[in-house]
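Encoded as C-alpha cells, the structure appears first; notes follow it.
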Amino acid sequence: MITAAFVRSLDRGGMIFLIVLAAFAFAVPFFNLAFPPGSPLHLPTYLVALFGKYVCYALLALSIDLVWGYCGILSLGHGAFFALGGYAMGMYLMRQIGARGVYANPVLPDFMVFLNWKELPFFWYGFQSFPYALLMIVLVPGVLAFVFGWFAFRSRVTGVYLSIITQAMTYALLLAFFRNDFGFGGNNGLTDFKDILGFNVQAQGTRAALFVLSCVALAAGFLLCRAIVSSKFGKVLVAIRDAESRTRFLGYRVENYKLFVWTFSACMAGVAGALYVPQVGIINPSEFAPANSIEAVIWVAVGGRGTLTGAVLGAFLVNYAKTFFTSGMLAPYWLFVLGALFVGTTLLLPRGIVGTLSHWRIARTERKTAAAAEDSVAWAVPRAAE
Numbered sequence: 000m001i002t003a004a005f006v007r008s009l010d011r012g013g014m015i016f017l018i019v020l021a022a023f024a025f026a027v028p029f030f031n032l033a034f035p036p037g038s039p040l041h042l043p044t045y046l047v048a049l050f051g052k053y054v055c056y057a058l059l060a061l062s063i064d065l066v067w068g069y070c071g072i073l074s075l076g077h078g079a080f081f082a083l084g085g086y087a088m089g090m091y092l093m094r095q096i097g098a099r100g101v102y103a104n105p106v107l108p109d110f111m112v113f114l115n116w117k118e119l120p121f122f123w124y125g126f127q128s129f130p131y132a133l134l135m136i137v138l139v140p141g142v143l144a145f146v147f148g149w150f151a152f153r154s155r156v157t158g159v160y161l162s163i164i165t166q167a168m169t170y171a172l173l174l175a176f177f178r179n180d181f182g183f184g185g186n187n188g189l190t191d192f193k194d195i196l197g198f199n200v201q202a203q204g205t206r207a208a209l210f211v212l213s214c215v216a217l218a219a220g221f222l223l224c225r226a227i228v229s230s231k232f233g234k235v236l237v238a239i240r241d242a243e244s245r246t247r248f249l250g251y252r253v254e255n256y257k258l259f260v261w262t263f264s265a266c267m268a269g270v271a272g273a274l275y276v277p278q279v280g281i282i283n284p285s286e287f288a289p290a291n292s293i294e295a296v297i298w299v300a301v302g303g304r305g306t307l308t309g310a311v312l313g314a315f316l317v318n319y320a321k322t323f324f325t326s327g328m329l330a331p332y333w334l335f336v337l338g339a340l341f342v343g344t345t346l347l348l349p350r351g352i353v354g355t356l357s358h359w360r361i362a363r364t365e366r367k368t369a370a371a372a373e374d375s376v377a378w379a380v381p382r383a384a385e
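Printed below as a string of C-alpha cells:
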C-alpha cells in the first residue's frame, strides 16, 4: 500500500529525476573503482567526495523547498538543523578514534585533553553506539524544530518576522558552538575522523559507499516529500501558503500542519548534515553561519520552489558554480556572482528554472488544446448548417 502510494505520487518529471539519480549513483562509484588512477576513464576520489557533498546539499535544499515552496514558510535557519545533524555524526566519529588520537586518550577526544578536561560530558554518552548516533541525528534537529515551531506557529508569527527569528536561532547556535567550554571543539570543531562502522573514512571504497548512501537518502527524501505534497495533506499545505486566514476559517488547524512539515523538514536537514560530515572530514561552527542558510534558500529559488526537482537542480548548479568560481582568480568575486544570480533569478525567472519550464509547457499544452477546440467548433458549424 505504501509503495503504491509512492508510485501514484510520481509524475513524469519525478520518474525522470529518479532514473537520472540512479544512473548518477551508479556511474560515479563505477568510474572511480573500476578503472585505475592512470586510466583516462578514472574518476578521482576527491570528485566522488565533492559530488557527495553536492548530493547532501540537494537533500538540504529539498527540505527547504518542502516548507517554503509548499507551505510558504521562508526559513533562514535550516543550516542550523543541517549542522546539528552533522555534529551528531561528528560526535560518533570522534568516539571511534579512541587511543589513536594525538594524546592517545581512550575516552576523551583530543580537544578535551588539550583543554585539560578530566571526564567526558554527559551529553557525549552513548555516541560510541551507531544506532544511538542515528537516533540523535534525527531527534536533536527534530526536537529543536518542534519546540521552536510550537511557540512560533501558535503565536501566529508569519512572513518576514518568522524568517528573522529563524535566522536569530541559527546565529545564537553559532555563538554557542564557538565557545570552547561548550563541549564541541570550539571554533576548530570536530575533525581527524578515522573510522565509520569499522571502515576507514579516507578509503576509496568508503568514499564511494558514502556517496551511494547519500544518493539513496536523496531518493528517499524525494519520494517522501512527493508523497506528502501529492496527498490531501499537501493540498492543505498549499492552501495555507496561498491563503492562511481562509484555510483557518474553513476549520483546519493550521498550526498543526505547519508544525508537522516544519519538524519533518528539520529531520531531513539533519540527515543531510550527518551524511555530509564523513565526506568532508570536518564539522565546525561555521556551518551555523546565517549566510549558509541564506545561500541554501538561493539554491531553491534558482531551481524553482514548489517543484522539489528544482530544489535539487538549483543545489547542484549553484554549488558547481561556487566550486568553479572559488577555485581560481575569480574567488574574490563569488559573493557578487551569487548575489547577481539571486537578483537575476528573482527579476527574470521568478518561478526558477524548473518552474519556468513547467509553466511554459503547461501554457503550450493549453494553447494546443484551445486551438484544437476552435478547429472542432469551426468544423462542426458548417455541418450543422447543412
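Using numbering that gives the first Met the number 0, the first residue of the sequence shown is number 0, and each one after it goes up by one.
All residues carry an ideal CB built from backbone N, CA and C; glycine is no exception.
Expressed to the nearest angstrom, what Euclidean distance is found between the alpha-carbon atoms of residue i and residue j?
i	j	result
T44	V211	13 angstroms
G188	L114	14 angstroms
V228	G12	15 angstroms
I396	F287	The chain is shown only over 0 to 385; residue 396 falls outside these bounds and no answer can be derived.
Y69	M111	44 angstroms
T205	S162	38 angstroms
V296	V237	19 angstroms
A171	T262	19 angstroms
I96	L174	27 angstroms
P28	A226	29 angstroms
T324	G351	Note that residue 324 is Phe in the sequence shown, not Thr. One C-alpha to the other measures close to 22 angstroms.
L40	G197	30 angstroms
G158	A57	24 angstroms
F25	L329	33 angstroms
R247	A103	59 angstroms
M0	I63	For M0, the predicted model reports a pLDDT of 44, less than 50, meaning its position is unreliable; a value from the coordinates is still stated below. Roughly 28 angstroms between the two C-alpha positions.
A202	E118	32 angstroms
W149	L75	17 angstroms
K231	R245	17 angstroms
V253	V142	20 angstroms
Q278	P36	20 angstroms
C430	V54	The structure shown does not extend to residue 430, since the chain is modelled only from 0 through 385, so no value can be given for it.
I15	H358	18 angstroms
T447	I239	Here the chain has residues from 0 to 385 only, and residue 447 is not among them.
K367	P331	48 angstroms
P130	A219	19 angstroms
N318	F335	15 angstroms
Answer yes or no: do residue i and residue j have a C-beta to C-beta separation smaller than 9 angstroms?
i	j	result
F183	T308	no
A22	A314	no
D10	L92	no
G185	F192	no
F152	L223	no
L249	L20	no
A207	V47	yes
A144	F80	yes
V235	Y256	yes
G94	Q127	As written in the sequence, residue 94 is Arg, which differs from the Gly given in the question. Cβ distance < 9 angstroms, so R94 and Q127 count as in contact.
I282	T364	no
F30	L17	no
V260	L65	yes
V270	L312	no
Just list the residues that DSSP pairs residue i with in beta bridges.
i	result
T190	I281
N199	D194
Relative to the C-alpha of residue i, which residue among the options is closest?
i	options	result
G272	L223, A202, K52	K52
L133	L274, T306, G197, N199	L274
G280	F81, G85, F30, A290	G85
Y124	V106, K117, V200	V106
G233	F129, G197, W67	W67
A98	S230, T157, D109, V200	D109
P284	P28, R155, N179	N179
F181	F122, R252, F16	F122
G338	S326, K321, A362, Q278	K321
V200	A26, M88, V54	M88
L316	L340, S326, I239	L340
E243	G71, C55, A33	G71
F241	Q278, I282, G305	According to the sequence as given, residue 241 is Asp; it is not Phe. Ranking the options by Cα distance to D241, first place goes to G305.
T169	H77, L17, S357	H77
F50	M14, L209, T165, R94	L209
Y160	G354, T368, S326, L73	L73
P120	V146, S38, F147, M90	M90
Say yes only if the C-beta of residue i is nearer than 8 angstroms to one or more non-hydrogen atoms of the ligand HEM, and no if none qualify.
i	result
F110	This structure lacks the ligand HEM, and indeed carries no ligand of any kind.
Under 8 angstroms, with one C-beta from each stretch per pair, do the segment 135–146 and the segment 253–273 reach the 3-pair mark?
yes
May I ask you to verify whether the segment 330–345 touches the segment 294–306, counting CB pairs closer than 8 angstroms and requiring at least 3?
yes
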